[in-house]
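Participant:
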Amino acid sequence: MDCQLPQVLLIEDEEDHVELIRRALAAGEPPLGLTVVRTLQEARHHLGHETPNLVVTDLRLPDGNGMEILADRPGEARFPVVVLTGCGNESAAVSALKQGALDYVVKSDATLAEMARIVHRALREWQHIADRRRAEEQLRESEARYRSLFEDSPLPLREQDFSVVKQRLDTLRESGVEDFRQYFRQRPEFVRDCLSQVKILDMNQAVLTLHRAESKEQFRASLPAIFCEESLAAFAEGLALIAEGRWAFTVESTMRTLNGEMIRVLIHFRAAPGCEKNLKKVFIAAMDITARKQAEEALQRAKEELEVRVVQRTSELAAANQQLLREMEERHRVDEALWRQEADLHFALEAADAVAFSWDVRDGRVRRSEEASPVAVTPSSCTINDLAAQVHPEDRWNWEAKIQTALQGAGQYESEHRQMRPDGSVGWVLEKGRVTYDAAGKPIQLFGVTIDVRKQIIARQRIEDLAAEAKIELAKLHAVIHSMREALLIADAQGDLVLTNPAAVQLFGEAGLDPVSLSPQQCFEAIELCDREGRLLDCADWPMQRILRGETLSNVELTAQSKATGKQGILSCNGAPVCDEHGAVVLGVLSMRDVSDQKQSEARLKRLQDELAHAARVKTMGEMASGLAHELNQPLAAILLKAEVGAEKVQREKAPQKKQVLEVLHFVADQAHRSGEIIRRMKHFVQKNEPKQAALDLTDAIGEVTALLKNDLNHAGIRLDVRLEPDLPQVYADRIQFQQVLLNLARNAIEALEETETNGRILTLEARRRDGMAEIAVSDTGSGVPEDRREMLFNAFSSSKPGGMGLGLAICRSIIEAHGGRIRAAPNSPQGTTFTFTLPFFDKDATYEFSTHRVRCG
Amino acid sequence: MNSQPTVFVVDDDPAINQTIKELVELIGLKALVYTSARAFLDEFERTGPGCLVLDVRMPGMSGLELQRKLTDADDRLPVIIVTGHADVPMAVDAMKLGALDFLEKPFRTQELCESIQRAVHLDVERWRRRQQQAQAERKLECLTSAEREVMEKVLDGKTNKTIALELALSIRAVEDRRSRMMKKLAVKSRAELLELVRSCETLVEYAATPTA
């Protein structure tokens, strides 16, 4: 038999049927292998060692029912059976099919002819069935394997149905919820609800073990206990992930065992293949990570604790470190302080040119500090003998005695002595020492300091010298004060006299007073003091009082009268206060001089000056005599002419007219009067008056002077320019003396002009206000004053005129200055000189003082 | 020709001025008074004979200055100085400047009168001569150069013939010229001609008296 061809076993006893079937099968495609048996036995025999692909059997067989083949088949049939029957009915067919026949065919011409198709169809069906059976078997196998895997997996696995939950979530999403986690947080009941809608399809053993459940039923029954509150959070997270469309994820969760333990699990959620969308079947694997978690937590705690400990430890260490540093610093500071102290001591000693030493009394050793000083003459380590050796031989005994006294109980000594230096020189030192004693009172050590006092010795000497000098100077000052003619009084701030000199004693003596024993009060009572105007002074205005108040007095003139003796005198006082650094008055120094004689001299001098001024005026008038004469000639000539002409006229007239005669007589009278005026002016100028200052109208006074000058001006062909400022107030001056000055200056100007070109001879008189005084100027266009004469101009006895006494300008100056004004000369441009003098204006409210004027001779 | 002689009085003292004026009028002359030299100079016009009575000491221009000014001019008035302040230098200066007289105030009217009359007389004479000269000169100017030539020859005393020879003219020509010249000058004889010419010369000479 060909193995490639499907083999068909035909069990049929009717040969023609066999033949028909054979032909039919041969005509069909694909070709088949056919084996024909006629009996059951043969069939069984064949089937015993070969398995055909198909058995076609007739029902009616010689040795039985073809159906028995069906029954032969143990369990699963290895081959399909198609039943043929010549007769048949539905129940038989049904029975045959029930028994496992593949097909039931009623024999007919048609069906026999169709055998190929039927066979092929059966083969196909049987193939299908076989395939299906194989598939089912495979499935069962795989199922079993799966089941085994599932059941026996050490990993707790659950099979669950989340479809309802999924639907609900989808609905939720479609309704617009976006933030599921927030939604679940707000609706815990929803979460619980979903939890209850999860169907557990299956769980494996491991699940039970995990949850300490004894059976699956117990597990199912205890779900609420297992899924505790803590689990809900994880569940909610899971829901959120599902809502987001995830069908595989991992969450951590907490659950309870049926023992009540809390376990931590890692949930792996995975949808079964094909159920990704609807989550009809999902696998949940839970890994008990409790232990791991605990370990993690423990580890974390341990780590934290470790960290805390580390931090603590670190801060402890840091603190310790800080402490250590501080201690080090402290030590360092102390060290430094010590060092500095030592250095300071060293510097101090050096600065003081000193050395310190200590003498151990018991072993005699002396140690000396290391300063470089001229005083350090012994080695730094030596004996007491060495120390003694450097003391000057003449001072040594004294020094030793002092030390002995100190050692024996005095405790300290001081010695100023000479020191022998290595270079042979001798220095002066001051040595001071102190002794320390033991408990028994015996001296242990002597600490001493040796200081170079050479400078101090020298200074002391110097002071002594200065003191001697000062004494001498003081004696001189004393002598001066004693011998000075001026009375000197020095008073303290309270006004009590601390110093007077003999001159003061004498001055006061004339008033019958002794200043030494005088109190200020006694002074006030004994003497009357008046000021220059004659006003009696109050105590407070006395000179010393004024000085003590801080005033400086300069040539203050007072009249003093002793009430006792009635003696009077004029005193000139000068003085000033002496102040301390704060400006408070400490002393008042007053010097006074009796100037009565001086005053008399001054008065006499004034009189002489007035006489001189008068003499000058007279002289002036003498010089002007010819001018005067000329002036007088004019009216005289007029009188003469008029008289003669008048007489002639009268002579010629037959009947002389009274009017004519009267006219002549009036004319003559006028002219005579005019002459009189001229003479009177002259006389007035020349007269000897006690000068008296009064209100003087400048215009008037100047007018009179120009009248006097008219003649000279005309003679010299000089043009006179008078410029008076309008509304000039009156000046305070003596009329005659003012005119004298003006006339003098004008005549000088005329003289100067006479020497110049006849053209352009101009004399200008001006009067104006300036700086609160009247200023009068006399200007000429002459040749001017040469430079070498300018300084001497106003000096007496300097004159440019031969035979001139040179008093004119000097007298002018003394007159003007006596009036309180000033006179000066300045050159004009292009040529000439201007003399300017000032006078005070008359102030009817002011009191006027009379001042002296002097003619300066130098 | 002759206007009345005028006496000019310049003195700053009006009393003097007035009185002198009276005196001048008394002696039958005209007086014009001024109180300053300047005023006089501004107004003065020489229209006839006269004289000047002048004070010296005046404000502005002095008398001597005025005198000097007048000296510079060609036609001088005789000057009489009257002054109240007389000294030698002043007198000398005034005389050098050509003053006719120098009187000191006060003076008697007689003195002044005499001076004035003398001065006026002098000036009248001079005036007349001046007129003559002017006339003569005017006439001389009318001569042609040819006539002048002849005139000079005639003045030299030369004859017509000599003149004709010297000028290379015919005697007729000379005669013609001579007669024309004589007619122009309005002289009838050589003596008159001489006199005419001399009057010009004399005045020129007179004018050249020493100046100060």
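Keeping their order, the protein sequence lines are chains X and H.
To convert, count from 1 in the first sequence and add 752; that's my numbering.
To convert, count from 1 in the second sequence and add 4; that's my numbering.
Each residue gets a CB set at the ideal place from its N, CA and C atoms; glycine is no exception.
(1) Between which two residues does the alpha helix (DSSP H) harbouring TRP1294 of chain X extend?
(2) State the beta-bridge partners of GLN1320 of chain X as determined by DSSP.
(3) With distances taken from CA atoms, which of X:GLY990, X:ALA1043, X:SER1005 is nearest ARG1022 of chain X?
(4) Taking only the alpha-carbon atoms, compute the straight-line gap between LEU1515 of chain X and ALA1498 of chain X and give it to the nearest angstrom.
(5) Would you say PRO1592 of chain X reaches chain H, if we count a Cβ-Cβ gap shorter than 9 Å as a contact?
(6) According to a CB-to-CB cut-off of less than 9 Å, which residues of the segment 98 to 118 of chain H neighbour chain X?
(7) Within 10 angstroms of its Cβ, does GLY1340 of chain X collect 16 or more other Cβ (buried), or is it exposed?
(8) Could you spell out the range, first to last residue, of the beta strand (DSSP E) harbouring ALA1447 of chain X?
(9) Which class does GLN1142 of chain X belong to by DSSP, given the choice of helix, strand or coil?
(10) For chain H, is any of its Cβ atoms less than 9 Å away from the one on VAL1530 of chain X?
(11) Could you tell me the distance, in whole angstroms, from the CA atom of CYS1586 of chain X to the CA atom of VAL1530 of chain X?
(12) Along chain H, which residues have their Cβ under 7 Å away from the Cβ of LYS1394 of chain X?
(13) So which residues on chain H does GLN1350 of chain X lean against when the C-beta distance must stay under 7 Å?
(14) Rounding to the nearest angstrom, what Cα-Cα distance links LYS1032 of chain X and ALA1024 of chain X in this structure?
(15) So is GLY64 of chain H in contact with chain X if we call contact Cβ pairs under 9 Å?
(16) Assuming contact is defined by CB atoms lying nearer than 9 Å, are LEU1300 of chain X and VAL1337 of chain X in contact in what I supplied?
(17) Taking all protein chains shown into account, decide if LEU1218 of chain X is buried (16 or more other Cβ within 10 angstroms of its Cβ) or exposed.
(18) Please name the residue, chosen from X:ARG1487, X:ALA1519, X:LEU1392, X:ASP1540, that lies closest to LEU116 of chain H on a Cα-to-Cα basis.
(19) Since ALA1104 of chain X is in the alpha helix (DSSP H), which residue starts that stretch and which ends it?
(20) Consult DSSP for ILE1155 of chain X and reduce its assignment to one of helix, strand or coil.
(21) Give me the DSSP bridge partner(s) of ILE120 of chain H.
(22) Going along chain H in order, which residues have a C-beta closer than 9 Å to the C-beta of LYS1401 of chain X?
(23) Comparing C-alpha positions only, which one of X:LYS1401, X:HIS1382, X:GLN1208 sits nearest to ILE1430 of chain X?
(24) Indicate whether the contact test is met: 3 or more Cβ pairs, each with one atom in the segment 1045 to 1059 of chain X and one in the segment 925 to 932 of chain X, closer than 8 Å.
(25) Note down, in chain order, every chain H residue with its Cβ under 8 Å from the Cβ of GLN1386 of chain X.
(26) For PHE1276 of chain X and CYS1291 of chain X, I'd like the C-alpha separation in whole angstroms.
(27) Identify which residue in H:PRO9, H:PHE12, H:ASP16, H:ASP76 has its Cα closest to the Cα of LYS1462 of chain X.
(28) For the putative contact between LEU813 of chain X and THR791 of chain X, defined by C-beta atoms under 8 Å, what is the C-beta separation to the nearest angstrom?
(29) Please name the residue, chosen from X:ALA874, X:GLY840, X:ALA844, X:THR863, that lies closest to LEU761 of chain X on a Cα-to-Cα basis.
(30) Can you tell me whether PHE1099 of chain X is buried or exposed, with buried defined as 16 or more other CB within 10 angstroms of its CB?
(31) Check whether the Cβ of LEU1465 of chain X lies closer than 9 Å to any Cβ atom in chain H.
(32) Please go through the same chain and pick out, in chain order, the residues whose beta-carbon is closer than 8 Å to the beta-carbon of GLU1442 of chain X, but skip the five residues on each side of it.
(33) Measuring CB to CB, does PHE1594 of chain X end up less than 9 Å from LEU1448 of chain X?
(34) Indicate whether at least one CB of chain H lies closer than 9 Å to the CB of HIS1425 of chain X.
(35) How about THR1533 of chain X: is its C-beta nearer than 9 Å to some C-beta of chain H?
(36) In this structure, how does DSSP classify ARG964 of chain X when only helix, strand and coil are distinguished?
Facilitator: The relevant details are as follows:
(1) To locate residue 1294 of chain X, count along the first sequence from 1; it is residue 542. Unbroken run through TRP1294 of chain X: none, as it is neither H nor E.
(2) Within the first sequence, numbered from 1, the residue matching residue 1320 of chain X stands at position 568. Looking at the DSSP assignment, GLN1320 of chain X forms a beta bridge with X:GLN1313.
(3) Walking along the first sequence from the start, residue 1022 of chain X turns up at place 270. It is X:GLY990.
(4) Counting from 1 along the first sequence, the entry for residue 1515 of chain X is found at position 763. Counting from 1 along the first sequence, the entry for residue 1498 of chain X is found at position 746. So the alpha carbons of these two residues sit roughly 8 Å apart.
(5) Against the first sequence, residue 1592 of chain X aligns to sequence position 840. So no, PRO1592 of chain X is outside the interface.
(6) GLU108, LYS109, PRO110, PHE111, ARG112, THR113, GLN114, LEU116
(7) Taking the first residue of the first sequence as position 1, residue 1340 of chain X is located at position 588. Counting Cβ neighbours within 10 Å, GLY1340 of chain X comes out buried, since at least 16 surround it.
(8) Sequence index remark: in the first sequence, residue 1447 of chain X carries index 695 (1-based). That run of the beta strand (DSSP E) goes 1446 to 1448.
(9) On the first sequence, position 390 is the one that residue 1142 of chain X refers to. Coil.
(10) Translated into positions along the first sequence, residue 1530 of chain X becomes position 778. No, no contact with chain H.
(11) Residue mapping note: residue 1586 of chain X aligns to position 834 of the first sequence, counting from 1. Residue mapping note: residue 1530 of chain X aligns to position 778 of the first sequence, counting from 1. Reading off the sequence shown, one finds Thr at residue 1586 of chain X, where the question assumed Cys. Approximately 5 Å between the Cα atoms of the pair.
(12) Position 642 of the first sequence holds residue 1394 of chain X. What LYS1394 of chain X touches in chain H: THR23.
(13) Mapped onto the first sequence, residue 1350 of chain X falls at position 598. Result: empty, since nearest Cβ-Cβ is about 49 Å, beyond 7 Å.
(14) Here residue 1032 of chain X refers to the residue found at position 280 when the first sequence is read from its first residue. Here residue 1024 of chain X refers to the residue found at position 272 when the first sequence is read from its first residue. Using only the alpha carbons, I get a separation of about 8 Å.
(15) Here residue 64 of chain H refers to the residue found at position 60 of the second sequence. Answer yes: the Cβ-Cβ gap between GLY64 of chain H and chain X drops below 9 Å somewhere.
(16) Numbered from its first residue, the first sequence carries residue 1300 of chain X at position 548. Numbered from its first residue, the first sequence carries residue 1337 of chain X at position 585. Between LEU1300 of chain X and VAL1337 of chain X, the C-beta spacing is below 9 Å.
(17) In the first sequence, counting from the first residue as 1, residue 1218 of chain X sits at position 466. Its Cβ having fewer than 16 others within 10 Å, LEU1218 of chain X is exposed.
(18) For the purposes of this step, residue 116 of chain H is identified with residue 112 of the second sequence, where counting begins at 1. Out of X:ARG1487, X:ALA1519, X:LEU1392, X:ASP1540, X:LEU1392 has the C-alpha closest to the C-alpha of LEU116 of chain H.
(19) If you number the first sequence from 1, residue 1104 of chain X lands on position 352. From DSSP, ALA1104 of chain X is part of no alpha helix (DSSP H); its letter is neither H nor E.
(20) Looking up residue 1155 of chain X in the first sequence gives position 403. In the structure shown, ILE1155 of chain X sits in a helix (DSSP, three-state: H, G or I).
(21) Here the question's residue 120 of chain H lines up with position 116 in the second sequence. For ILE120 of chain H, which the question treats as bridged, DSSP gives no partner whatsoever.
(22) As a working note, residue 1401 of chain X is residue 649 in the first sequence. For LYS1401 of chain X, the chain H residues whose Cβ falls inside 9 Å of its Cβ are GLU26, LEU30, in order along the chain.
(23) Within the first sequence, numbered from 1, the residue matching residue 1430 of chain X stands at position 678. The option with the nearest alpha carbon to ILE1430 of chain X is X:HIS1382.
(24) No, they do not touch.
(25) Here the question's residue 1386 of chain X lines up with position 634 in the first sequence. Correct list: ASP17, ALA19, ILE20, GLY88, LYS109.
(26) The count along the first sequence starts at 1 and reaches residue 1276 of chain X at position 524. The count along the first sequence starts at 1 and reaches residue 1291 of chain X at position 539. Distance between the alpha carbons of PHE1276 of chain X and CYS1291 of chain X is about 6 Å.
(27) The sequence position of residue 1462 of chain X within the first sequence is 710, counting from 1. With distances taken between Cα atoms, LYS1462 of chain X lies closest to H:ASP16.
(28) Position 61 of the first sequence, counting from 1, holds the residue named residue 813 of chain X. Position 39 of the first sequence, counting from 1, holds the residue named residue 791 of chain X. At roughly 6 Å, the Cβ-Cβ gap stays under 8 Å, so LEU813 of chain X and THR791 of chain X are in contact.
(29) The residue labelled residue 761 of chain X in the question sits at position 9 within the first sequence. Of X:ALA874, X:GLY840, X:ALA844, X:THR863, the residue nearest in Cα terms is X:ALA874.
(30) Position 347 of the first sequence, counting from 1, holds the residue named residue 1099 of chain X. Residue environment analysis places PHE1099 of chain X among the exposed positions, since fewer than 16 neighbouring C-beta atoms fall within 10 angstroms of its C-beta.
(31) Residue numbering aside, residue 1465 of chain X sits at position 713 when the first sequence is read from its first letter. Answer yes: the Cβ-Cβ gap between LEU1465 of chain X and chain H drops below 9 Å somewhere.
(32) As a position in the first sequence, residue 1442 of chain X is number 690, starting the count at 1. Result list for GLU1442 of chain X: ASP1362, in chain order.
(33) One-based indexing of the first sequence puts residue 1594 of chain X at position 842. One-based indexing of the first sequence puts residue 1448 of chain X at position 696. A contact, by the Cβ cut-off of 9 Å.
(34) Against the first sequence, residue 1425 of chain X aligns to sequence position 673. Taking Cβ atoms only, chain H never reaches closer than 9 Å to HIS1425 of chain X, which makes this a no.
(35) Residue mapping note: residue 1533 of chain X aligns to position 781 of the first sequence, counting from 1. Chain H, which has no Cβ nearer than 9 Å to the Cβ of THR1533 of chain X, makes this no.
(36) Here residue 964 of chain X is taken as the residue at index 212 of the first sequence, counted from 1. DSSP places ARG964 of chain X in coil when its eight states are reduced to three.
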